[in-house]
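Residue numbers (the numbering used here): 1180 to 1435.
C-beta atoms are modelled at their ideal positions from N, C-alpha and C, and glycine is treated no differently.
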Ligand SMILES: NC(=O)c1ccc[n+]([C@@H]2O[C@H](COP(=O)([O-])OP(=O)(O)OC[C@H]3O[C@@H](n4cnc5c(N)ncnc54)[C@H](O)[C@@H]3O)[C@@H](O)[C@H]2O)c1
């Protein structure tokens, strides 16, 4: 198994991409710390991991609270040993026209996506094994190009690319840090905002995903397996000459 005996923390482990990544890593032998503000969600993920014989520990963590992030990290390290890998999936998004962005939406988006990822990277480099380790952050294709009605989200995801590069430079060669920029993955995050997107475009809810597909050269949405394949590559030795990168996972929809 590729991650046999490794200690990994995944944030946003209670839903969507974070859940898929956690289950994948546990299947590959990792001991996984499952961080999420939604503790019930993290426990559901743990249940699924246990049912396949894997090892994991759910923790209720608000990643915008540095103290909570560090305490939960200490608990995982105490139980499983020094960290080998960390994957930052926790995130928040809201589709809303630029002039309707309130200060609350701006702060919430930047706090969760950027400040939260920053605190988690601080904990990761603090508790990582002396031999080194790897971090994967989640940006987005909205971290590469401005998107209509997504100002706060885009700003946070552009910021994650800068944060990733800074961590990569400061902690090389011991720790590598890269990020992934996916297009649309059909997760609970998308289900929550599908209707707002349809409204914005003046189309039916059912027309949203076909529209994304028709704008994608590889003519399909991004699947969980596409994401776990890339996470696996970036955490593992196959990518040992890569750090500070922001890799598109967009079926060709974004090519820079
Ligand atoms: N789904 C997509 O199409 C897509 C595309 C590009 C990038 N992304 C990014 O991938 C990541 C995962 O997205 P997803 O679609 O799986 O979302 P999701 O909403 O399904 O899961 C996000 C998880 O983050 C958790 N979370 C939110 N705020 C938190 C906080 N303060 N502390 C701890 N946990 C918190 C939520 O409880 C939830 O379990 C996000 O960073 C998102 O921006 C998603």
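(request) Count the CB pairs spanning the segment 1391 to 1407 and the segment 1187 to 1204 that are closer than 8 Å, and state whether there are at least three. (result) yes
(message) Under DSSP, the alpha helix (DSSP H) around residue 1340 begins and ends at which residues?
(response) The residue you call residue 1340 lines up with position 161 of the chain shown. Looking at the DSSP string, the run of the alpha helix (DSSP H) that includes residue 1340 is 1330 to 1350.
(message) So the candidates are 1332, 1298, 1187; which of them puts its Cα closest to the Cα of residue 1244?
(response) Walking along the chain shown from the start, residue 1244 turns up at place 65. Selected option, being the one with the closest Cα: 1298.
(request) Provide the residue span of the beta strand (DSSP E) that contains residue 1213, from first to last. (result) The residue given as residue 1213 occupies position 34 in the chain shown. That run of the beta strand (DSSP E) goes 1210 to 1215.
(request) May I ask you to report which of helix, strand or coil DSSP gives residue 1412? (result) Reading the chain shown from its first residue, position 233 is the one you call residue 1412. Note: residue 1412 maps to helix in three-state DSSP.
(message) Assuming the contact rule is C-beta atoms closer than 8 Å, residue 1350 and residue 1356 should be a hit. Round their C-beta distance to whole Å, please.
(response) For this step, residue 1350 is matched to residue 171 along the chain shown. For this step, residue 1356 is matched to residue 177 along the chain shown. Yes, residue 1350 and residue 1356 are in contact; Cβ-Cβ is about 7 Å, under 8 Å.
(request) For residue 1436, count neighbouring C-beta atoms within 10 Å of its own C-beta (all shown protein chains included) and say buried if the count is 16 or more, exposed if not. (result) Only positions 1180 to 1435 of the chain appear in the structure, and residue 1436 is not among them; the question remains open.
(request) Pick out whichever of 1345, 1385, 1202, 1388 has its Cα sitting closest to the Cα of residue 1232. (result) Counted from its first residue, the chain shown places residue 1232 at position 53. Here the closest residue by C-alpha is 1202.
(message) Does the contact criterion of 3 or more C-beta pairs under 8 Å hold for the segment 1282 to 1289 versus the segment 1207 to 1221?
(response) no
(message) Can you tell me which residues form a DSSP beta bridge with residue 1312?
(response) As a working note, residue 1312 is residue 133 in the chain shown. Its beta-bridge partners are 1354.
(message) I need the boundaries of the alpha helix (DSSP H) containing residue 1374, first residue and last residue.
(response) The count along the chain shown starts at 1 and reaches residue 1374 at position 195. That run of the alpha helix (DSSP H) goes 1367 to 1380.
(request) State the Cα-Cα distance for the pair residue 1272 and residue 1337, rounded to the nearest angstrom. (result) Numbered from its first residue, the chain shown carries residue 1272 at position 93. Numbered from its first residue, the chain shown carries residue 1337 at position 158. Approximately 14 Å, taken between the alpha carbons.
(request) Can you check DSSP and say which residues form a bridge with residue 1317? (result) Against the chain shown, residue 1317 aligns to sequence position 138. Its beta-bridge partners are 1359.
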